[in-house]
Ligand code: B12
Ligand code: B12
Ligand SMILES: Cc1ncc(COP(=O)(O)O)c(C=O)c1O
Ligand SMILES: Cc1ncc(COP(=O)(O)O)c(C=O)c1O
């Protein structure tokens, strides 16, 4: 059927609650103030400070004396030019396991050496194991199963220094680090420390540096000086695609 | 025990997620764009447009092709001066049923006549019944049970014109209107129409005009030209407190 | 299925007997009358559609025309039949001529009565047969594509704009929904006509128009073909146009329709006689064309207390069942209403809900049952609502309800946003699968809380039904038996649209449908 | 309580017998050794506390002092006892002198052995009796204020700042929570000492320090007095300081402590021998001072599949039970671990969860059982998590679990914000009340999915236990029996803190506690 739904203007995208361009979104937050009409007003003022219009408190609840939780419904007048972002080349196509192997054979021609660990005091190893171990993740085998990779998984609770030492020892193309605990920004401190160690040793340029974890994003990774970051929903072939392309690019730029 | 929790600065209140001044809040919204990394970026950009810092997509989900839902965690740098709002006198004390009766006897001296209805096409009568009928709401009797009030509850689906006509007929002190259906701003249109009719008839000044409903707020009511608005959690004595004070004030300013 | 509640068969029989009496008596009491809406239905089934220069629907123009002339007691069909014989024109052309002021049906010479009847009857037969053929194709499509397993997941769209409703409908389908219901713009119940054409501005819902139905139907069929699963469409019959909406529903291939006069009576202040007459014919049409009806007992629990009012729900289900059967609706098309509305703070409320849901199931083993989510006590806290919906979903799957209206986390605030629908559907998906066979796996302690509650409710229903059988359905409504609302037989909207049938009253549609039942 | 699962008593007996064998053999295998942490515990129970100029805790200073001098095989007590006799000073003063470098315990003349023993034993007796009196006052307080009905609602705070933890703790209490658990800053398990003083900077949790415990204890007692309900406090023993944390927990009036060596072995790579020795003594202390221990079987299901690994959970519970009993912990203080971790997309997963929870309940009728919410499969969708938590809460109340860790909607993302805690508690509140007697109301179909699942899991546990009895607990751990993780007996952190006891080894605390059990 001809689609007569009001057409989305990708040049000015706004939140869609019930219908196009209603701009409806929901905020939830707690304010450290006693539950009162003044508190409601403060919540609405906060929404206004965000540039939101016609904010409405749809739920309010005292959590404990002096702390009040709000759910606020508001109209967002801000619009995003999605066409500009789409052009950023963010959405790359991932290669399958086989495609990675073929690409590596054609463009790299030697095993890519990777060293990985869950570092610092973080004992969450499921993420890095999912990337590196044979078993992999949800039916997708890890890099250990790839002919084009030589993997060293150091496990969890690995000091950053030990990880770097191992990378130097085996001549790693890439260092892969997993971080799960984010309380009080533990992951940021730890990821930063690794970069600092590498830089102090003058090795940052020699390796591809990638990190991952439930709350790691590509944006955060780049900000912290990594080449890439991977979040929930990553499969080993995503990582492999990134690595093999990056190594190939570095090979060709070196030659 | 001495409370050593970092003290809240009521002059600059920020959202409290896990600890004081972490500023953490949560947004949820749908963007009419296909699920992609570009969409994630758009979501983060939107948060930035709201002045939020370190936004992070904690959940993303395609609802249907071309529509993607996001949950975003972000830090809110905006702070609200709560002390200023607290001074606004928003949080008035409500009188109990008995106190209202005494106050009315002392300051009004005649029954206050009120006419109420759920107006327009709205058939939700539970709200107005809760305010006016003997039975009241959650054990608090409605205005019908007050000696100081004479109530006329016209029920639901009442045209605004009919409500005004009745108010004129009985010489009402107050017109009370309930609105529940808010789809496509039905309540705003309907509440506005009532004010317009009253003004067209030159009667707006003669009556106290109050409205209520699940999604009506005092802020909204004032904006639309009402004297007060009441939301979820209202008991008849709240309404009665407002009315009796208002009538007393008008009596004294007239005399 | 073995009874889990150990119900007393004598008590069940007493309930059914009293309900049957109520049904018979009610049908008698509304007998001998037709309504303007039923007569417009005759026009619609004869293919009359469209609007006049003032946007009045032609069925209204025709019926008003005859009514103004005092002729409606004979039934529109007679006048149309006569006009067909006299002018040789088909009904559409006659309607157009009347609308244009070029023809006065009641001024035409009255020709041979039999010829007029034959003409209009045969035309009606052909038209209805054509609809029936389309219905059969639809059934074939439904079978070919297949449906999701029971319970069917029912979701209401309510954007006010039919094209946006389609976006929501697709999201519903995409996330496992089986039935997309077009809710109407607020107070369409009160309109004594059906708006015309596609609409993009409604409040709290989208107008029920034939074109809106067609648009949604096409979109959902398209989705169904592409994804290999049939998506049902539903909407609302209740209000002043019950039989007409039943008709446009049949024409546009709807699968379900909410059909309950009591809603109009109790919550829209529609005249009880008017709407019960309309209901009788509209259910006949639904039954005939294979549309499942949903009754509205859930509504009572929104204005009365669910623990106390439970017997009234069962009583109403039994009466609704009788009335539906009397209109020729087969069991598998009667989705009686029920709802999960006990206040969340009631200790062991879950047990009472389970008892009630199981009771409904056992009383009507061959009816699908339409089970509604908590709404009355839902507030602005979406997590609280979601938790209630989770237990609701568990009772649904555990007691084998046929259709479940999906609960949404923002139920207490607004009609669901697009994302809320998906969140609601995911909850159902999770519970239906994760606890799939739980209901069959458990038995209830003999004489325990659940069995005792079911027995108490059933006994309450018996008492109520016997009382209603004695005083009559109208008197019971007048006494506030349902939903704590009192409505008088001689008051309410649309009373002036009730017409006493003349001696020669004639309605070919009803004859055809009743004929089919005898055959 | 009548068995709902119709378990085979022979099978149950076989499981218990094999588990008892495993327990006995394990205790034998770890016999004859002490650890630095156990020796520090002796110091702590003698009142040694505080830190030296370099912030090293005095118990560490003392023990390291003796260890460096090769004297730990005799036990710290002996050296302290001797020093007490020789110097006439109490333990605190001796520790201070050692820390100041003014005293060398091992260089003091070795006096009469009996006199030394008597001195230190009588001192220990007095100190432990003083603690016991405080414990008795606490029990009296708990009884006077009263607790919420079972299941106890257990919530972990994790802000990293003890004063913020208090804010969270108060919110928990305010919203019906019964137990506030102070989670530790990440990797405190790996510290071979207990940090000192109040702390305001931790990652993923707040350091377990005696002062932090005191602060939370005081705040919760204050809340309890004001609101007439006792609030329990909990924290974690596991790691390199198991017995010491047990001690500071006793000193500061904790009510519960997570106590499981396997966590350290599997997830912190702590040496199995070291931590099982520590566990033995720490459980003794918990048992003696009336603290409920929580075991950590839930963890296995976070790294192994919950459907497949179910037998390993039951096997571990039975072993943990034996080991706890052998340390003198009475049944009502053994809260064995269990968790609701089956993937939400498993058809009938709910039935398997119910079977497992009921099985645990029936195997350990007098143990409270600590039931943990879904976490492994929780993602960023808070509504999905909340729905899973709702069914989890239903199983908890339906199977009469003793302690429930409250599930929170943001489980898959971060440690809960203040509001999340309240949302989680509200869910439990709703379900526990709304479905209060549901579990007692239902029976399971004989030979149905639930009974069959329980029988299968139990049989799997039997096979596993018999195998472990044969190869030994350490070998089983080496083969990845628990949580899919393999750990070798001779590897892991803290192995160097294991000390072979000399002939004259002597531990007055253990003697007192074991003496009390005989008496
Ligand atoms: C399993 C688990 C544990 C296990 C870990 C066992 C092990 N060997 O890994 C145990 C039981 C030991 C544990 C302990 C604790 N845990 Co834990 N745990 C979890 C749990 C349930 C699942 C994590 C998981 O395995 N996810 C599955 C993997 C596959 O997902 P993933 O890590 O995101 O990985 C994917 C991507 O992120 C990416 N990826 C990850 N790493 C990398 C690396 C590279 C290079 C690339 C390319 C990609 C990549 O690819 C993967 C596949 O798609 C989560 C809750 C949850 N649902 O997330 C809590 C959770 C992570 N734990 C938490 C906490 C706080 C703890 C403790 C600190 C609690 C305490 N104080 O006692 C302890 C101590 C742990 C520590 N200090 O490190 C918190 C963390 C909160 C926060 N954000 O700070 C969580 C979120 C639970 C909660 N809400 O409180 N935990
Ligand atoms: C009961 C109910 C009905 C009943 C109403 C019966 C009746 N006689 O009132 C029936 C079944 C008829 C019904 C029908 C419909 N309903 Co309805 N219904 C509800 C329900 C479940 C409860 C409302 C209620 O009674 N609340 C209890 C009262 C006490 O609360 P209250 O109104 O907020 O009143 C309090 C305060 O607001 C205040 N107050 C209210 N009025 C006033 C006035 C004054 C002067 C003052 C001082 C204070 C005051 O004081 C009261 C006490 O504290 C809500 C869901 C929900 N949980 O809110 C949906 C809900 C209101 N309904 C809804 C809809 C859409 C409909 C329909 C339009 C659906 C349809 N398309 O078919 C129909 C048609 C109704 C119409 N057009 O008006 C939507 C409204 C969405 C929106 N915001 O636009 C809701 C929110 C459900 C949903 N999520 O979809 N409904
Ligand atoms: C049985 C029944 N009919 C009709 C409706 C819709 O009515 P209206 O069109 O009046 O909004 C409802 C809504 O709740 C209903 O329950
Ligand atoms: C049994 C057990 N002990 C201890 C802990 C906490 O360990 P850590 O201090 O290593 O973070 C946990 C956390 O999951 C646990 O389950």
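Protein chains in written order, with my numbering: chain A, 1 to 255; chain B, 1 to 255; chain C, 1 to 519; chain D, 1 to 519.
C-beta atoms are modelled at their ideal positions from N, C-alpha and C, and glycine is treated no differently.
Quick caveat: nothing in here was measured; it's all calculated off a predicted structure.
Under a three-way DSSP split, which group does residue 140/A fall into?
strand
From residue 2/D to residue 114/A, what distance separates their C-alpha atoms?
A direct Cα-Cα distance of roughly 58 Å separates residue 2/D from residue 114/A.
If you measure from the CB of residue 296/D, is any heavy atom of ligand 4 nearer than 6 Å?
yes
Just verifying my parser: in three-state terms, what is the DSSP assignment at residue 131/B?
helix
Output needed in chain order: residues of the stretch 57-79 of chain B with a Cβ under 9 Å from some Cβ in chain D.
57, 58, 59, 60, 61, 71 and 73
Is it the case that the Cβ atoms of residue 217/B and residue 229/B are separated by a distance below 7 Å?
yes
For residue 180/C, the residue or residues it bridges with in DSSP
155/C and 233/C
Quick one: what's residue 118/A bridged to in DSSP?
178/A
Are residue 264/C and residue 202/C close, meaning C-beta to C-beta below 7 Å?
Cβ distance not < 7 Å, so residue 264/C and residue 202/C don't count as in contact.
Spatially closest choice to residue 25/C from 518/C, 280/C, 473/C and 155/C, by CA coordinates:
473/C
Residue 10/B versus 81/B, 240/B, 51/B and 16/B, residue with shortest Cα-Cα distance:
Of 81/B, 240/B, 51/B and 16/B, the smallest CA-CA separation from residue 10/B is found for 81/B.
Taking a Cβ distance cut-off of 9 Å, strictly less, list which residues of the stretch 191-224 of chain B are near chain C, in chain order.
If the cut-off is 9 Å between Cβ atoms, the stretch 191-224 of chain B has 214 and 215 near chain C.
Does residue 228/B come out as helix, strand or coil in the three-state DSSP assignment?
strand
Does ligand 4 have even one heavy atom less than 6 Å from the beta-carbon of residue 88/A?
no
Output the boundary residues of the alpha helix (DSSP H) element that contains residue 24/C.
9-29
Would you kindly work out how many angstroms separate the C-alpha atoms of residue 436/C and residue 422/C, rounded to a whole number?
20 Å
Taking the straight line between their C-alpha atoms, what separation do you get for residue 507/C and residue 38/C?
9 Å
Hey, is residue 15/B's beta-carbon within less than 7 Å of any beta-carbon in chain A?
yes
For chain B, check one thing: does any of its Cβ atoms lie closer than 7 Å to the Cβ of residue 232/A?
no
Residue 188/C CB to nearest heavy atom of ligand 3 below 6 Å:
yes
Is the beta carbon of residue 286/C within less than 6 Å of some heavy atom of ligand 3?
Because no heavy atom of ligand 3 lies under 6 Å away, the Cβ of residue 286/C does not count as near it: no.
Give, in chain order, every residue of the stretch 349-377 of chain D whose Cβ lies closer than 9 Å to some Cβ of chain C.
349, 350, 351, 353 and 354
Could you tell me which residues DSSP pairs with residue 434/C in its beta bridges?
Note: residue 434/C sits in no beta bridge, so no partner.
Considering Cα atoms alone, identify which of 63/C, 478/C and 320/C is closest to residue 330/C.
Comparing C-alpha distances from residue 330/C to each of 63/C, 478/C and 320/C shows the shortest one belongs to 320/C.
First and last residue of the uninterrupted alpha helix (DSSP H) at residue 160/B:
For residue 160/B, the enclosing alpha helix (DSSP H) stretches over residues 160-170.
Using a Cβ cut-off of 7 Å (strictly closer), state whether residue 19/A contacts chain C.
For residue 19/A, the answer is yes, since a Cβ of chain C falls inside 7 Å of its Cβ.
Below 6 Å CB to CB, which residues in the same chain sit around residue 118/A once its five sequence neighbours on both sides are set aside?
124, 125, 128, 156 and 178
Looking at chain B, is there any beta carbon in it that lies within less than 7 Å of the beta carbon of residue 411/D?
no
Residue 191/C to residue 254/C, Cα distance in whole Å?
21 Å
Helix, strand or coil: how does DSSP classify residue 97/A here?
Residue 97/A falls in the helix class under three-state DSSP.
In three-state DSSP terms, what is residue 372/C?
strand
Closer than 8 Å is the cut-off here; do at least three beta carbon pairs connect the stretch 424-432 of chain D with the stretch 384-404 of chain D?
Touching, per the Cβ criterion.
Just to check, is the beta-carbon of residue 305/D closer than 6 Å to a non-hydrogen atom of ligand 5?
This structure lacks ligand 5; the ligands present are ligand 1, ligand 2, ligand 3 and ligand 4.
Checking 7 Å against the spacing of the C-beta atoms, do residue 198/D and residue 434/C come in under that value?
no
Taking buried to mean at least 16 other C-beta atoms within 10 Å of its own C-beta, is residue 106/B buried or exposed?
exposed
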